[in-house]
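Structure, as structure tokens:
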Amino acid sequence: MEVFSKKGTDDTPSVTLDKDNGVFEFSGRSLPEDVQDFYGPVLEWIEEYGKQANDHTDVIFKLEYFNTASSKMLLDVLLKFEEINDNVGNVVVKWHYHEDEEDMKEAGEEYQDIVSVPFEYVVY
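In this note's numbering, the protein residues as written are 141 to 264.
Take a look at the structure:
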């Protein structure tokens, strides 16, 4: 499966989805002008990955900020990984947040309440 990689900009996060190396990471800021255009290919890749997922999947979020439109798409991403967790198991979300950013921690906790995937919180 080919690596999915998008380099971040001021308005879009960096995304790396690499099955072979077990790297699934979202980092930076997410406020793309067209969230469907940005996240559509991400969701498609995760859907394909789910058909032959690794035995263990760590999904890393190192987001500094995301807007309301992005929050819905991030939930869709998490729901895809929830499906994989239900079918294969061993999906863990590693939610990174800056120690001064309680809002970002709370966002992770809200997602954790919605999806049935284990979360780990990493303070930096």
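Heads up, the beta-carbon is just placed ideally off N, CA and C, and yes, glycines get one too.
Every value quoted in this text rests on a predicted model; they were computed, and no experiment measured them.
Check your understanding: Exposed or buried, what is I254 when buried is set at 16 or more other beta-carbons lying within 10 Å of its beta-carbon?
Key -> Exposed: under 16 other Cβ atoms inside 10 Å.
Practice item. Counting only the same chain and skipping the five closest in sequence on each side, list residues whose C-beta sits under 8 Å from that of E260. Key: Around E260: V232, V233, K234 and W235.
**Study point:** Beta-carbon spacing of F144, D160 below 9 Å
**Key:** For F144 and D160, no; Cβs fall outside 9 Å.
Review point. To which residues of the same chain is E165 closer than 6 Å at the C-beta, ignoring the five residues directly before and after it?
Key: Within the same chain, E165 has close Cβ partners T156 and I200.
Review point. From V163, M141 and F178, pick the residue whose C-alpha is nearest to that of G148; which is it?
Key: When each option's Cα is compared against that of G148, the closest is F178.
Practice item. Check the C-beta distance from L183 over to V217 and give it rounded, since I have them as a contact under 8 Å. Key: With 8 Å as the limit, L183 and V217 qualify as a contact, their Cβ atoms being about 7 Å apart.
Point to revise | Presumed contact (8 Å Cβ cut-off) between Y251 and L203, rounded CB distance | key: Under the criterion of beta carbons closer than 8 Å, Y251 and L203 do not qualify as touching, at roughly 11 Å.
Exercise for review: Kindly list the residues whose CB is nearer than 7 Å to the CB of E246, restricted to its own chain and excluding five residues on each side of it in sequence; keep chain order.
Suggested key: Nothing listed; no residue qualifies.
Review point. Can you name, in chain order, every residue of its own chain whose Cβ lies under 8 Å from the Cβ of D195, other than the five neighbours on each side?
Key: Only V228 and N230 meet the Cβ criterion.
Practice item. Quick one: residues in its chain with C-beta nearer than 6 Å to the C-beta of P172, no 5 flanking neighbours on either side, listed in chain order? Key: Result list for P172: D151, T152 and F178, in chain order.
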